[in-house]
Amino acid sequence: MGKPLVAVFSGAGMSTDSGIPDYRGPQGLWRREPGAEKLVTYAPYMADPEIRRRSWLMRAEIWAAAPRPNAAHLAVAELERGGTPVRVITQNVDGLHQLAGMPARKVFELHGSARSVVCTGCHARSGLEEVLARVAAGEPDPSCTACGGILKTATVMFGERLDPEVLARAVAVAKGCQVFLAVGSTLQVQPAASLAGMAARAGARLIIVNAEETPYDSLADEVVREPIGTALPALLARLSA
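Residue numbers (the numbering used here): 586 to 826.
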């Protein structure tokens, strides 16, 4: 009998140990900075140059610290290297799963990637470092060098639709896995959060690792409130035994 397919659904709590703040947690960005939600919401971002200026400054601050994968990311990649079939479905846009060693083809980024930048006009792409260098050089709201359009990171902001192809792949994994680990997510943002319910209804063992309650706790076979950086490696070691 082969090893079970393990789906790891990761939210912002997965990356807080890497220095990337979450949104909704007790020390989350939205609790510390009222109005910060607008920085990652499409309509106000497109309408207000000041919102864009603050958004680029926020990203510059986060990436200046050069966040690296933490113990949780490394444990997921190690599980995959050890021969267990693993697929990562992530709400995060930081690329840390790939940096930890997960093959990019096995990571489904529901909300896109902050490591590249796209023009909202002509859709030309560029690197984040290139655009942040322009911000540092004195361009508070850099525009597309090809067409002059508004730039944004290649992420799915609030108010934008998920990529249907990426979502379809994630749904297939949720329905086909034997173990579904929801890690560091409040499981409140739809449709991504519904994947946990899909997995449970399809017969997967649902394990939730999160500091606070989620709407799917009652469906879970196991709920872990311990810190992710220690709890997840221990859980995955148990699964690989």
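Just so it is clear, CB atoms sit at the ideal spot from N, CA and C, and this is done for glycine as well.
Ala-757: member of the alpha helix (DSSP H) spanning 749-761, first to last residue. In the structure shown, Val-720 adopts helical secondary structure according to DSSP, grouped into three states. Here the alpha carbons of Val-809 and Val-702 stand approximately 36 Å from one another.
The region 745-765 makes no contact with the region 712-722; the number of CB pairs closer than 8 Å stays below 3. Residues Val-702 of the same chain have their beta carbon placed closer than 6 Å to that of Ser-711, with the five preceding and five following residues left out of the count. Annotation: Ala-621 is outside any alpha helix (DSSP H) and is labelled neither H nor E by DSSP. With fewer than 16 neighbouring CB atoms inside 10 Å of its own CB, Gly-723 falls in the exposed class. Comparing alpha-carbon positions, the option among Leu-804, Gly-697, Gly-667, Ala-649 lying closest to Phe-743 turns out to be Gly-697. The C-alpha of Arg-637 is placed about 11 Å away from the C-alpha of Arg-644. Here Lys-588 carries a coil assignment [DSSP, helix/strand/coil].
Arg-666 counts as exposed, since fewer than 16 other beta carbons sit within 10 angstroms of its beta carbon. The C-alpha of Cys-704 is placed about 27 Å away from the C-alpha of Val-673. The DSSP assignment places 713-721 as complete runs of the alpha helix (DSSP H) inside the region 694-741, in order along the chain (cut-off: 4 residues). Between the alpha carbons of Ile-605 and Glu-694 lies a gap of roughly 17 Å.
Residue state for Ala-628 is assigned as helix, using DSSP reduced to three classes.
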